[in-house]
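Student: Take a look at this one; I'll ask things after.
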DNA sequence: ATGACGCTGTCACGTCCTTGTCATCCGTGC
DNA sequence: GCACGGATGACAAGGACGTGACAGCGTCAT
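Chains as they are written, first to last, in our numbering: chain H, 1 to 211; chain W, 212 to 422.
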C-alpha cells in the first residue's frame, strides 16, 4: 500500500519517502524536513496513533493524515486526539488523498510558534526548551530572552542597547555591564561545554551569533 | 471573528454563511440545509446556549460546535447540555477548528467531546473524569479546569496570566498567587501519590505539563 | 437553625535562585 | 608602558516559588 501511494505521488511530480514501521517513520521525519505525513493506523510494532503522538513529542509538526481501514468512531477520535490533522478511510480514491494532502500542505502546518534554529542550536519559544544538538540546555529567564534575541537575528551584530531593549523589560540608561555579564553566562552554558564559539564579540559594536 | 472563520473555510473550498445574532442563525439554519454549525457562546441578544436549544427544538439536528472565550467548566457543561456536539476554546488553531468540523461532519451521530490524553493522564471533559493510568483522581472544579488548560497544550510553557484567563472566570490582579497554590494542589493529587513529576515549574515564565 | 465540611482565594514566611553591580583581571592597539 | 574595551569572579539584595494556615462562602445533613 505504501509503495502504491508513493508511486502515485511521484507520478504527480512530488517526492515521497516510505517508512515501514513507526520507529522508522519517526527517525525519518526527525531527520528530513517533511511537508506532510501519511500515516497508516495499522503498523507492525507501535501503531499509527502512538507513532503520531511520538512524532509530535519529537517536535515534528508537519500535518499528519491518518489512514485507517476501520471506520469506527473511536478510531477517528483517537486519530485526531493523537495529533492527526485529517483522517481518511480505506478504501479511498487516490484523487481524494491528493486533494486532502494539498489542503493540508496549503495550510502550512499547525500555527504553533515555530522553534528557532541556528546551526545545531534550537530554541523553542512555546516550550522554552533550548537544545545544543540533542542535549538540552537549562537557561534562566534572562539568559533565555537574550539568546532568543540573538537567534531572531542570526549573524547580525547587535549593540548592547539593542540587546537591552529586547531582552530586558526596561531600558537601562546607566553605564551597566549587565549585557557583558549575561553574554558571558550564556557562553558558559551554550558554548564552553561543547567547545563551540557561537557568540562572538565585535569590539566597539556589540555581539553577534554566528550562523 | 465570524468573518475570519468564514474566509478560512471558503479558502478551504467550503461554503459558509454568517449570522450575527441567535435569531438570525435559527432562521438561516431552518431555511438552508446546513452540514454543521459553529456557534459562539457570546452573542448579542439570546446567547449561544439558548440559540442551540432553540435550534434543536426547531428541528435542526446538524452538529453544533460551540466556541467559547473562556474555558470555564460551567460554560462547557452548559454547552453540552444545550445540545452542542463539541466545543472549542478561544483562542484556537484554525487547523483544530477544521479538524473538529471534519470529525463532526464525518460522523453522523452525536458524540461528546473527546477525552484528552497526555502520557498516562486522561481527562474526559464530558464526564469530568480524570485518570492517572487506571486509577481515578478526584479534582475540584478549579483543579479540573486548570488541568484541562494544561492538557490542551501539553509541553508548552503556560504563563500565570494564560492560566488565569483560561481556568478562572474573571481576570484577577496579577498580584495573586492563586495559580501557584492550585498548581501545588494539583501536584498533590496527580503527581505525588504516583511519584511522578508531570507539572514542571519554569522559573520566570510559568508552568508546563510534561508530555 | 445549626454545625460539619469542602472549596476558594489570600497571606505570611522560609528557601533558594536570579539578578545586577562592582572590583579586578586580561588582551589589544597605540 | 598605558589606556581602553571587554571578561570574570564575588556578592548583596531582591524576587520567585512552595507551603501551611486561615477566613469567607456555599452546601448538605442533622
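Positions of the beta carbon are idealized from the N, C-alpha and C atoms, including for glycine.
1. Under DSSP, the beta strand (DSSP E) around residue 280 of chain H begins and ends at which residues?
2. Can you list, in chain order, the residues of its chain whose CB lies under 8 Å from that of residue 119 of chain H, leaving out five sequence neighbours each side?
3. Any beta carbon from chain W within less than 8 Å of residue 38 of chain H's own beta carbon?
4. For the beta strand (DSSP E) that residue 248 of chain W lies in, which residues bound it at each end?
5. Once the 5 residues before and after residue 419 of chain W are set aside, which same chain residues still bring their CB inside 7 Å of it?
6. Below 8 Å between beta carbons is the criterion; list the residues of the stretch 112-128 of chain H that meet it against any residue of chain W, in chain order.
7. For residue 85 of chain H, would you say it is in contact with chain W, using Cβ-to-Cβ distances shorter than 8 Å as the test?
8. For chain W, find out if any of its Cβ atoms is closer than 8 Å to the Cβ of residue 57 of chain H; answer yes or no.
9. In three-state DSSP terms, what is residue 199 of chain H?
10. The beta strand (DSSP E) with residue 208 of chain H in it runs from where to where?
11. Alpha carbon to alpha carbon, how far is residue 21 of chain H from residue 45 of chain H? Give it in angstroms, no decimals.
12. Hey, out of H:50, H:206, H:141 and H:67, whose CA is closest to residue 98 of chain H's CA?
13. Rounded to whole angstroms, how far is the Cβ of residue 141 of chain H from the Cβ of residue 415 of chain W, which I believe are closer than 8 Å?
14. Is it right to say residue 377 of chain W is buried, meaning 16 or more other beta carbons lie within 10 angstroms of its own, or is it exposed?
15. Nearest to residue 389 of chain W by alpha carbon, out of W:357, W:227, W:341 and W:345?
16. When burial is assigned at 16 or more other CB atoms within 10 Å of the CB, is residue 259 of chain W buried or exposed?
17. Output yes if chain H places a C-beta closer than 8 Å to the C-beta of residue 284 of chain W; else output no.
18. Going by DSSP, what residue range makes up the beta strand (DSSP E) through residue 64 of chain H?
19. List the residues that DSSP assigns as beta-bridge partners of residue 122 of chain H.
20. Compare the Cα-Cα distances from residue 372 of chain W to each of W:391, W:213 and W:355 and report the closest residue.
21. Do residue 238 of chain W and residue 273 of chain W come within 8 Å of each other at the CB atom, strictly closer than that value?
22. Scan the stretch 127-142 of chain H for residues whose Cβ lies nearer than 9 Å to a Cβ of chain W and list them as they occur along the chain.
23. So is residue 37 of chain H buried or exposed if we call it buried at 16+ other beta carbons inside 10 Å?
24. Would you give the residue range spanned by the alpha helix (DSSP H) that residue 156 of chain H belongs to?
25. Could you name the residues of the stretch 405-416 of chain W whose beta carbon sits closer than 7 Å to any beta carbon of chain H, in the order they occur along the chain?
26. I need the boundaries of the alpha helix (DSSP H) containing residue 50 of chain H, first residue and last residue.
27. Can you tell me which of H:92, H:94, H:65 and H:102 puts its alpha carbon nearest to the alpha carbon of residue 86 of chain H?
28. Mind listing the chain H neighbours of residue 310 of chain W? Cutoff is C-beta to C-beta under 9 Å, in chain order.
29. Under 7 Å from any heavy atom of the ligand NAD, does the C-beta of residue 167 of chain H make it?
30. Looking at the strands, I want to know which residues DSSP matches up with residue 299 of chain W.
Tutor: Quick look at the numbers:
1. Nothing in the structure corresponds to residue 280 of chain H, since chain H is present only between 1 and 211.
2. 198, 210 and 211, listed in sequence order.
3. Residue-level contact check: residue 38 of chain H does not touch chain W, since none of the beta carbons of chain W fall below 8 Å from its beta carbon.
4. 248-251
5. Excluding sequence neighbours, residue 419 of chain W sits near 366, 367, 368, 369, 411 and 413.
6. 112, 126, 127 and 128
7. yes
8. yes
9. strand
10. Note, residue 208 of chain H: beta strand (DSSP E), 206-209.
11. 7 Å
12. Nearest C-alpha to residue 98 of chain H: H:67.
13. Contact flag correct, Cβ pair sits at about 3 Å.
14. buried
15. W:357
16. buried
17. Unreliable placement is indicated for residue 284 of chain W, whose pLDDT of 49 sits below 50; the coordinate value is still reported in the next sentence. It does not; no Cβ of chain H falls within 8 Å.
18. 64-68
19. H:117 and H:131
20. W:391
21. no
22. 127, 128, 129, 140, 141 and 142
23. buried
24. Counting along the chain, residue 156 of chain H falls outside any alpha helix (DSSP H), and DSSP gives it neither H nor E.
25. 413, 414, 415 and 416
26. 48-57
27. H:65
28. 80, 84, 85, 86 and 87
29. The ligand NAD is not part of the structure shown, which contains no ligands of any sort.
30. Answer is W:278, bridged to residue 299 of chain W.
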